[in-house]
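Data first, discussion second: the structure below is written as structure tokens.
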Amino acid sequence: MDPQRSGQRRPARLFPEVVKGNTVKLSLRRRLISVGVAIGALTLVGAGIGTAQASTNYAQHSRPASVKPTVVLVHGAWADGSSWDKVTAKLQHDGYRVVTPPNLLSGVANDAANLRAYLDTITGPIVLVGHSYGGMVITNAALGDKQVKALVYVDAYIPDQHDTVYALTSAVPGSVFAAEASTVFDQVAIPGADEGVANFYVKPSIFGKAFADKTISAKDVAVLAARQRPLASNALFEEAGEPAWRTIPSWSVIGKQDAVIPAAEQVAMSKRAKAHTIEINAPHLSMVTDAGAVTNQIEAAAKATD
1 MDPQRSGQRR
11 PARLFPEVVK
21 GNTVKLSLRR
31 RLISVGVAIG
41 ALTLVGAGIG
51 TAQASTNYAQ
61 HSRPASVKPT
71 VVLVHGAWAD
81 GSSWDKVTAK
91 LQHDGYRVVT
101 PPNLLSGVAN
111 DAANLRAYLD
121 TITGPIVLVG
131 HSYGGMVITN
141 AALGDKQVKA
151 LVYVDAYIPD
161 QHDTVYALTS
171 AVPGSVFAAE
181 ASTVFDQVAI
191 PGADEGVANF
201 YVKPSIFGKA
211 FADKTISAKD
221 VAVLAARQRP
231 LASNALFEEA
241 GEPAWRTIPS
251 WSVIGKQDAV
261 IPAAEQVAMS
271 KRAKAHTIEI
281 NAPHLSMVTD
291 AGAVTNQIEA
301 AAKATD
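Residue numbers (full-length UniProt numbering): 1 to 306.
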């Protein structure tokens, strides 16, 4: 009830009679003054309450909401940023800023340095996600970067210091690439590169078996194979540096049908990194075939940074 309106009506209710005589009029006047003072006090108290409540409401609404981290998606070898398209769309729908900078695929140290330079341009917290060889890159790039709040590995290498892609790929049986290079790769010279260094392209006859395992149509596999970006051969043998996962919380997604990095090796690497892990029935390109599960794991990492 509005106190001021009460002040207008209340005397009439309390004193409806018409009174004559000075004594009665004086008494009535005094009583009206008392009532007016009381109503005025009520009005002031009510105003005080309203002001306090407004201040509380203002404080609640003016309190800044937690800032969602930027999600940086790093693609692997023989791919580009388009491999993250489905995951990117889902994350953007959920309100995340997403960037997919190109991974140069030139070697672990150089690729990590270039990614680190990109991360330095971002303001605020970062969730850094790597697929396949991208796991090698983010592990090295994030070291000592206080903005990176979480690492997410998707069918990825999670190296310890001195590990190489070659050693991790062949650590347990099951990888299509644990074979003679000439049987799985087409090699193209890199002008000006060190002797013996070449660009490796996955043979079209191997590409589908390695990445898709019949879960992606042959037509789509042919497109992926046609637009693949090569990996410099030196990247297979460069040692990883001190791993960022020792100081940054990690998450992982393991595709149980992975024919590039066998699931057993992914499990071993995830345990070593103490990563929060999910296993899904997916091939190496799980972010294409199971974008929902991959997105959920990335968002779980993002929410844990709040």
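Note that the Cβ used here is the ideal one computed from N, Cα and C, for glycine as well. Values in this document were obtained by computation on a predicted structure and should not be read as measured data.
Taking the Cα of residue 138 as reference, the smallest distance to any Cα among 124, 123 and 119 is reached at 119.
The residue from 151, 146, 106 and 108 with its alpha-carbon nearest to that of residue 73 is 151.
Within the same chain, Cβ atoms closer than 6 Å to the Cβ of residue 96 are found at 68 and 71, the five residues on either side in sequence being excluded. Per DSSP, residue 186 lies in no alpha helix (DSSP H) segment; the continuous beta strand (DSSP E) that holds it begins and ends at 185-189. If you draw a straight line from the Cα of residue 176 to the Cα of residue 109, it comes to about 25 Å. Taking 8 Å as the cut-off, the Cβ atoms of residue 179 and residue 189 do not count as close. Sorting 234, 78 and 122 by C-alpha distance to the C-alpha of residue 193 places 234 at the top.
Collapsing the DSSP output to three states places residue 203 in coil.
Each residue's CA atom was taken as its position, placing residue 288 and residue 87 some 8 Å apart. For residue 169, the enclosing alpha helix (DSSP H) stretches over residues 165-169. For residue 254, there is no enclosing alpha helix (DSSP H); the residue is part of the beta strand (DSSP E) that begins and ends at 250-255. With contacts defined as CB atoms closer than 8 Å, residue 200 and residue 185 qualify as a contacting pair. With fewer than 16 other Cβ atoms inside 10 Å of its own Cβ, residue 223 counts as exposed.
The three-state reading of DSSP puts residue 301 in helix, counting H, G and I together. For residue 265, there is no enclosing beta strand (DSSP E); the enclosing alpha helix (DSSP H) covers residues 263-272. CA-CA distance, residue 94 to residue 163, rounds to 36 Å. Put simply, the backbone Cα of residue 216 is about 26 Å away from that of residue 187.
The DSSP-derived three-state label of residue 96 is coil.
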